[in-house]
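Each step along the sequence shown adds one to the number in the numbering used here, with nothing skipped, and position 50 is 889.
Cβ atoms here follow ideal geometry from the backbone N, Cα and C, with glycine treated the same way.
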Amino acid sequence: MLSIGDIIFNNTKLILAPMDDVTDLPFRTICKELGADITVSEFIAADALIRDVEKTKQKILSGKNENPFGIQLFGNEKESMCKAAQIIESYQPDFIDINWGCPARKIASKGAGSGMLKNIPLLLEITKEIIKSVHLPVTVKTRLGYDENNKCIVELCEQLQDIGVKAISIHGRTKSQMFKGESDWTLIGKVKANPNMEIPIIGNGDINSAQKAYQMREFHKVDAIMIGRAAIGNPWIFKECRQKLDYNTNMQTPTIEERVRICKKHLLLTLEHKGEGVGLLEMRKHYKPYFKGINEFKPYRIKLLTTNDVNELMDTLDEINCKFN
Ligand SMILES: Cc1cc2nc3c(=O)[nH]c(=O)nc-3n(C[C@H](O)[C@H](O)[C@H](O)COP(=O)(O)O)c2cc1C
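Structure follows, in structure tokens:
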């Protein structure tokens, strides 16, 4: 049976994609409650962790019942990444994920994230050293390749497996594509179909419905599906996917009452974890997605985005429930 350490892949696992500034502990708790099998931290900068930056340390904390849980690391340099991996190990996550996929200019231009796809020998060398420096399973998240002419993923996955990587998440775009175009799952399927591959292959990119998750699993036979943007405002997507993948049946979309319930819970968890000042501000990016598609919602949205008082926010959420339910 495929596994990452103790995590056994006895069915198609559903994984919440790491998203900087989104998949913090409160949001991961919500996604876990609604069916995400595995969660991963936001990416952690190796240098910041070594410098003991408080905000970075906050990002590695996991919830009481949050397992399996992985901590994702990024960097561009062997020594600091190994040292950071050892610090991460002391927090006892289930695995360490290395980010060789982020295309953001400020990261990739320094050779971190998908910038390293330009230098595969160094990517392999650093990954190998990290594996040697910790006892935890090490996984990798990456893209199809650097650009259209360098889609090296099939060969790269074999090389990563050979040096001891325990699973690979593949976002079906190149570094050059950033988030443009459509995620191409055919190469992800090709990696999975490679008879030399023995580790779990996790497909990622543009899964925005249970139907799409089902199709990609059926066509490309991936061992797990990773969902990012579509979970923002719709964490129920994990339950919907589970039902579709296991029984090929569809779930009802969540009622307004349910949306309000989860949004309130998310807000309270955020306030508890980040304090009122930061928490109130950070929750603002979630309100619009939670209540997407409701007609004449604008006045409520404005209230949610301008209120700095927790009781008033709770009252507004109750009003939304009464008005639109
Ligand atoms: C706001 C945002 C932040 C992201 N941060 C990370 C990150 O920290 N680490 C990472 O590996 N990928 C990150 N990604 C990429 C996602 O994990 C995922 O690969 C990508 O969004 C494609 O999946 P999706 O179509 O399901 O969203 C981020 C994406 C978004 C939209």
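DSSP three-state assignment for residue i, whether helix, strand or coil
i, result
"K1025", "Before going further, note that residue 1025 is Thr rather than Lys in the sequence given. Three-state DSSP puts T1025 in a helix."
"Q1016", "coil"
"N938", "strand"
"A1006", "coil"
"K1060", "coil"
"K852", "strand"
"I1071", "coil"
"I846", "strand"
"N1160", "helix"
"M1065", "strand"
"N1150", "helix"
"G1118", "helix"
"I1046", "coil"
"A1041", "Checking the displayed sequence, the identity of residue 1041 turns out to be Ile instead of Ala. Looking at I1041 - three-state DSSP - the assignment turns out to be strand."
"I1133", "coil"
"C991", "coil"
"Q835", "Nothing can be reported for residue 835, as the shown portion of the chain is limited to 840 through 1164."
"M840", "coil"
"M1055", "helix"
"M1036", "coil"
Residue i classed as buried or exposed, judged by whether at least 16 other C-beta atoms fall within 10 angstroms
i, result
"I1040", "buried"
"D1045", "buried"
"P942", "buried"
"S1008", "buried"
"C1161", "exposed"
"G1114", "exposed"
"E893", "exposed"
"L1120", "exposed"
"F1058", "exposed"
"Q785", "Because the chain spans 840 through 1164 in this model, residue 785 falls outside it and cannot be assessed."
"R1123", "exposed"
"E987", "exposed"
"F1018", "exposed"
"Q1091", "exposed"
"N1147", "exposed"
"Q911", "buried"
"N849", "exposed"
"G1132", "exposed"
"P960", "exposed"
"T895", "buried"
"V1117", "exposed"
"L900", "exposed"
"Q1016", "buried"
"M840", "exposed"
"H1105", "buried"
"A1032", "exposed"
"Y985", "buried"
"K871", "buried"
Cα-Cα separation, residue i to residue j
i, j, result
"W939", "L962", "8 Å"
"L1152", "L1143", "6 Å"
"G952", "T878", "19 Å"
"K980", "E918", "20 Å"
"E881", "F913", "10 Å"
"Q931", "I1064", "24 Å"
"E916", "A1052", "35 Å"
"A885", "K1078", "34 Å"
"I1066", "F1130", "19 Å"
"T1109", "I992", "37 Å"
"M920", "P857", "18 Å"
"H1125", "P1034", "42 Å"
"S929", "D863", "20 Å"
"F908", "V1149", "30 Å"
"I843", "Q1000", "12 Å"
"N958", "L1084", "37 Å"
"H1112", "L1156", "20 Å"
"A947", "T966", "17 Å"
"L995", "K1137", "48 Å"
"F934", "E1096", "36 Å"
"G1011", "I1038", "18 Å"
"P976", "G1003", "9 Å"
"D891", "K949", "21 Å"
"R1098", "F1163", "11 Å"
"L1026", "N1043", "11 Å"
"N1087", "K990", "33 Å"
"D1154", "K1103", "10 Å"
"L853", "A875", "5 Å"
Within-8 Å CB hit, residue i to chain C
i, result
"N1047", "Of the protein chains in the structure, only one exists, and it is not chain C."
Quiz item: Counting only runs that start and end within the segment 855-915, where is the beta strand (DSSP E) found for 3 or more residues in a row?
Solution: For the segment 855-915, whole beta strand (DSSP E) runs of length 3 or above, ordered along the chain, are 878-884, 908-913.
Quiz prompt | Uninterrupted alpha helix (DSSP H) stretches inside the segment 931-987 (no shorter than 4 residues) | solution = Runs of the alpha helix (DSSP H) spanning 4 or more residues and lying entirely within the segment 931-987 occur at 944-947, 959-972, in chain order.
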